[in-house]
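Participant: One structure coming up, written as structure tokens, with questions to follow.
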Amino acid sequence: MQINRTGYFLVALFGGLGLAMCAVPALAGANAETSLIIASTGFIFVLTAIGLGLYARHAKRKAAHNDWIFQNGIRGTATLLEAGGSNTTVNEMPLMKLQLELDFPGIGKRQVRRREVMPVFTAHRMEAGLVLPAYANPENPAEFILVW
Amino acid sequence: MRSALADLGATYAAFAAERGLEPVPALGLGALTPLLVESKHCQVEPAARGRLGGEVDGVVGHLAYKRNRTFRFNVALAEVPGSTQFVPRLFCVRKGRSTRDDEFYGFEARYSKLWTESTALNQRYTISTSPYQDPNWMRQLFSPALVDYLASAPPADFSFELAYGALLGSVEDDDPGPDGLAALCEATARVAERVAQECGE
């Protein structure tokens, strides 16, 4: 997953609004009870923004790592042995459970399971026998990226 | 609306007769590409099947769906067997094309990246692939001849989506007329032949 422009807008909105709700009532001289109620709601907004920000940072690092594997990895193939949906969707995109046979030169063949969030049209095309490109991490061949 | 559909039916009948295609009232194409998935039933109506152009066979039809408003496309579908292991997904979409306007998410799966190496194509299309598509293969596919062709020859609203061996060319005209359908089919066939050629090398 990666954050997009809408996501950055939401993080900024929750963060800014939350901070304002924490500070403005007290600065404007509202009574303590009102300030506390509004500030506690604002605090939840700030926590939400921080959580989204941390998740975005984690996603960015993971993407950079996968890019490194793609650029430096060993190219091979992944043959789809079995594919099934998990009844879970993210933004209307199904989470697919894949069983794959990986084949990398110098490493050999092995079977692995993988879960991927995929667009609907991709999920429909995940059928046994499909051969996809894959790249293995040369420093840790157990780690790979699947090109789908 | 009924009159517009009748006109479209007449356009497809005339086009099918002119090109020797088999007219079909309606055809379910399946959830093969992103544009087809936008339409709930992935159905084209009216449609015709047969030779699109060159040596490429396929289906041409009218796709309509509602996502807040009604979107209408005319599409041509062809198969490019064997392309998946070289280029699982390749989308070349006219800049500014809208296929939905009812959903906005803050986070999205990282499933595509832009390919921006051709200035001529950048002016007209947004090209995207898998984030891990081999860039060398892309450079070979988009030969100068293909770039020149895509930049100048197809209808102005032409786009194509290649996904797991299914190639869908499309234009946004509500009723492009027989000449417009012929241009759509020829552009789709041309892309299909070029992808197949590059996969074979």
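Line by line, the protein sequences give chains U and P. Residues in the first sequence are numbered from 369 upward in steps of one, following the working numbering. Residues in the second sequence are numbered from 188 upward in steps of one, following the working numbering. All C-beta atoms in this analysis are idealised placements derived from N, C-alpha and C, irrespective of residue type, glycine included.
#1: Closer than 8 Å between beta carbons: that is the criterion. Which residues of the segment 217-234 of chain P meet it against chain U?
#2: Determine the direct distance from the alpha carbon of U:A427 to that of U:L394, and round the result to whole angstroms.
#3: Here's the rule: buried if 16 or more other CB atoms are within 10 angstroms of the residue's CB, otherwise exposed. What is P:N261?
#4: Identify the residues that DSSP records as bridge partners of P:S346: which are they?
#5: Go through its chain and collect everything with a Cβ distance to U:S403's Cβ below 6 Å, but skip five positions before and after it.
#6: Return the residue from the list U:I437, U:N455, U:K465 that minimises the CA-CA distance to U:L449.
#7: With a 10 Å radius around its C-beta and 16 neighbouring C-beta atoms as the bar for buried, classify U:S454 as buried or exposed.
#8: For the segment 241-316 of chain P, which segments carrying the beta strand (DSSP E) assignment without a break, of at least 3 residues, lie completely within its bounds, in sequence order?
#9: Here's a check: name, in chain order, each residue in its chain whose Cβ is nearer than 8 Å to the Cβ of P:E380, leaving out the five neighbours to either side.
#10: Between P:R285 and U:A396, what straight-line distance do the alpha-carbon atoms span, to the nearest angstrom?
#11: Quick check: what's the CA-CA separation for P:G207 versus P:G237?
#12: Can you list, in chain order, the residues of its chain whose CB lies under 7 Å from that of P:G215, leaving out five sequence neighbours each side?
#13: From the DSSP secondary-structure annotation, give me the bridge partner or partners of U:K477.
#14: Beta-carbon separation of P:A265 and P:L239 under 8 Å?
#15: At a Cβ cut of 7 Å, what residues of the segment 272-287 of chain P count as close to chain U, listed as they run along the chain?
#16: According to the neighbour-count rule (16 or more other Cβ atoms, all chains shown, within 10 Å of its Cβ), is U:W516 buried or exposed?
#17: In terms of residues, what are the limits of the alpha helix (DSSP H) holding P:T375?
#18: Going by the beta-carbon positions, is the gap between P:G352 and P:P268 smaller than 8 Å?
#19: Are the C-beta of P:Y252 and some C-beta of chain U separated by less than 8 Å?
#20: If contacts are defined as beta-carbon pairs under 8 Å, then P:R311 and P:A340 qualify, I think. What distance do you get, rounded to the angstrom?
Facilitator: So, from the data block:
#1: So the list reads G217, A218, L219, T220, P221, L223, V224, given in the order they occur along the chain.
#2: Start at 1 with the first residue of the first sequence, and residue 394 of chain U comes out as number 26. Start at 1 with the first residue of the first sequence, and residue 427 of chain U comes out as number 59. Here the sequence assigns Ala to residue 394 of chain U, which means Leu is not the residue at that position. Spanning the two alpha carbons is a distance of roughly 36 Å.
#3: The count along the second sequence starts at 1 and reaches residue 261 of chain P at position 74. With 16 or more neighbouring CB atoms inside 10 Å of its own CB, P:N261 falls in the buried class.
#4: If you number the second sequence from 1, residue 346 of chain P lands on position 159. DSSP links P:S346 through a beta bridge to P:S357.
#5: The residue you call residue 403 of chain U lines up with position 35 of the first sequence. Answer for U:S403: P393, A394, listed in chain order.
#6: Against the first sequence, residue 449 of chain U aligns to sequence position 81. Ranking the options by Cα distance to U:L449, first place goes to U:K465.
#7: Position 86 of the first sequence, counted from the start, is the residue given in the question as residue 454 of chain U. Exposed, since its Cβ has fewer than 16 Cβ neighbours within 10 Å.
#8: Counting only runs of 3 or more, we get 243-254, 256-266, 276-281, 312-316.
#9: Sequence index remark: in the second sequence, residue 380 of chain P carries index 193 (1-based). Short of 8 Å from the beta carbon of P:E380, and not among the five residues preceding or following it, lie these beta carbons of its own chain, in chain order: G241, E242, V243.
#10: Translated into positions along the second sequence, residue 285 of chain P becomes position 98. Translated into positions along the first sequence, residue 396 of chain U becomes position 28. A small correction: the amino acid at residue 285 of chain P is Ser; Arg does not occupy that position in the sequence shown. The straight-line gap from Cα to Cα measures roughly 46 Å.
#11: As a working note, residue 207 of chain P is residue 20 in the second sequence. As a working note, residue 237 of chain P is residue 50 in the second sequence. Computed Cα separation, rounded: 8 Å.
#12: Here residue 215 of chain P refers to the residue found at position 28 when the second sequence is read from its first residue. Counting only Cβ-Cβ distances below 7 Å, and skipping sequence neighbours, we find H228, C229, Q230.
#13: Counting from one through the first sequence, the residue named residue 477 of chain U turns up at place 109. For U:K477, which the question treats as bridged, DSSP gives the partners U:D471.
#14: For the purposes of this step, residue 265 of chain P is identified with residue 78 of the second sequence, where counting begins at 1. For the purposes of this step, residue 239 of chain P is identified with residue 52 of the second sequence, where counting begins at 1. Cβ distance < 8 Å, so P:A265 and P:L239 count as in contact.
#15: So the close ones are Q272, P275.
#16: By 1-based counting over the first sequence, the position of residue 516 of chain U is 148. Answer is buried; the Cβ neighbour count reaches 16.
#17: Within the second sequence, numbered from 1, the residue matching residue 375 of chain P stands at position 188. First-last of the alpha helix (DSSP H) with P:T375: 364-387.
#18: Position 165 of the second sequence, counted from the first residue, corresponds to residue 352 of chain P. Position 81 of the second sequence, counted from the first residue, corresponds to residue 268 of chain P. Between P:G352 and P:P268, the C-beta gap is smaller than 8 Å, which places the two residues in contact.
#19: The residue you call residue 252 of chain P lines up with position 65 of the second sequence. At a cut-off of 8 Å between beta-carbon atoms, P:Y252 makes no contact with chain U.
#20: Stepping through the second sequence from its first residue, residue 311 of chain P is reached at position 124. Stepping through the second sequence from its first residue, residue 340 of chain P is reached at position 153. Contact between P:R311 and P:A340 does not hold, since their C-beta atoms are separated by about 11 Å, which reaches or exceeds 8 Å.
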